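Input: a single structure, listed below in structure tokens.
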Amino acid sequence: MTVAVYLPLAEKTQWWVEMLQGLLPGWDVVSMHDEIDPGAVTYGVVWRPRTGDLAGFPNLKAIVSIGAGIDHVLADAELPEGVPIIRTVGKDLTQRMREYVALHVLRHHRDMPRQLQAQAESDWHAIVVPVAPNRVVGVMGLGNLGAAAAQTLAGLGFDTRGWSKSAKDLDGVSCFTGTGEMDAFLDGCEILVNLLPLTDQTRGILNADLFAKLAPGACVINCARGPHLVDADLLAALESGQIKQATLDVFHQEPLPADNPFWSHPSITVTPHVASQIDAGTGGRLIAANLKAFEETGTCGDLADAARGY
Ligand SMILES: NC(=O)C1=CN([C@@H]2O[C@H](COP(=O)(O)OP(=O)(O)OC[C@H]3O[C@@H](n4cnc5c(N)ncnc54)[C@H](OP(=O)(O)O)[C@@H]3O)[C@@H](O)[C@H]2O)C=CC1
Ligand SMILES: O=C(O)C(=O)CO
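Numbering (this note's numbering), first residue to last: 60 to 369.
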């Protein structure tokens, strides 16, 4: 078996090649940054593949996304049809996202940005906020990450809501389903967390119309994909006060260009796509396990649905 690996940075790709080679004895693991024999490649392991690379492998059995999302694979305009896509999910990734969401929800809940501003002004400004059960938080997307994040927030005592495409039943979380229940989900929501996959249905979902349905002065945390957000609508909603604060981990263009106004906006916290980053250690083991299972059985537990988009 030959596994061809691609990440935009050649150095990082090499790091994954070495990790996977150690975990897949007897297999060949190569970098797509090097010259390779396209006919030998049976598996592609990719993050943001270059258009046409995967189409150049005539014997491809499956494509592995180095990540939970598969939008970056589906973005390849020449993606070979019908080749299964395996995503990478696991408990370390879920744990990391739980931590990120808890950190930023608590930060907004306790109004830390205002508290830090007071400290900078040597101002003994005691901010009293509602207790968590009186704070409505909502999580969009109740998959591996969203469900875990919502249950973490419920465990902290928040009045927690979740929204997904199909009906869910999660302990401590009020679940809303589909477009029909979206307005009820958003109504009165004070802190909104986005953990949806990027699809044709969800692109641009964080827009002026949605912001207007939240509680006035709500906070928004986007830790899914940059194109979920209409950037100009967020800036306008911050200007009007409808949105008080935002935490953004993902962006239309990554790395976020130095001249992007988000960097210096007083009400925006920027993190560089680190909410739940996969490392070659944990991720490598998950990917190697999926590749071995797929090779032996023709399937594995983490198959994505390309037609659905996630
Ligand atoms: N910033 C970071 O570091 C990371 C970001 N991510 C992002 O997080 C996203 C979510 O990951 P994960 O939890 O594993 O995804 P899953 O595929 O497990 O879950 C997706 C959830 O979104 C729901 N959903 C999809 N489309 C719609 C829609 N149109 N309306 C309502 N709900 C919808 C699904 O509903 P249903 O259950 O009914 O199908 C499901 O509950 C990834 O796609 C990726 O973009 C992932 C990892 C790290
Ligand atoms: O797993 C994903 O989809 C990611 O965005 C990893 O950073």
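Note that the Cβ used here is the ideal one computed from N, Cα and C, for glycine as well.
The structure presented is a predicted model; accordingly, all values stated were derived computationally and were not measured.
Neighbouring residues (CB closer than 5 Å to any heavy atom of ligand 2):
G126, A127, G128, Q336
The beta strand (DSSP E) spanning W222 covers which residue range?
218-223
On the three-pair Cβ rule with 8 Å, is the segment 338-357 touching the segment 302-317?
no
Have a look at Q304, W106, E140, F116 and flag the residue whose alpha-carbon is nearest the alpha-carbon of G128.
W106
Residues that DSSP places opposite Y65 in a beta bridge
V105
What runs of the beta strand (DSSP E), each 3 residues or longer, lie entirely inside the segment 292-344?
302-307, 327-329
If you check the beta carbons only, do D112 and Y65 fall under 8 Å apart?
yes
With D259 as the anchor, note down where its alpha helix (DSSP H) starts and where it stops.
It is not in any alpha helix (DSSP H) - D259 carries neither H nor E in the DSSP assignment.
Any beta-carbon of chain D closer than 8 Å to the one on T341?
Among the chains in the structure shown there is no chain D, since it carries only a single protein chain.
One or two residues paired with I264 in a DSSP bridge:
Answer is none; I264 lacks a bridge partner.
When A283, I302, G141 are compared against A291, the one with the closest alpha-carbon
I302
Please name the residue, chosen from T328, Q304, H324, P286, that lies closest to E313 on a Cα-to-Cα basis.
P286
What residue range is occupied by the uninterrupted alpha helix (DSSP H) comprising A209?
203-214
Need the endpoints of the beta strand (DSSP E) that F116 sits in, please.
Counting along the chain, F116 falls outside any beta strand (DSSP E), and DSSP gives it neither H nor E.
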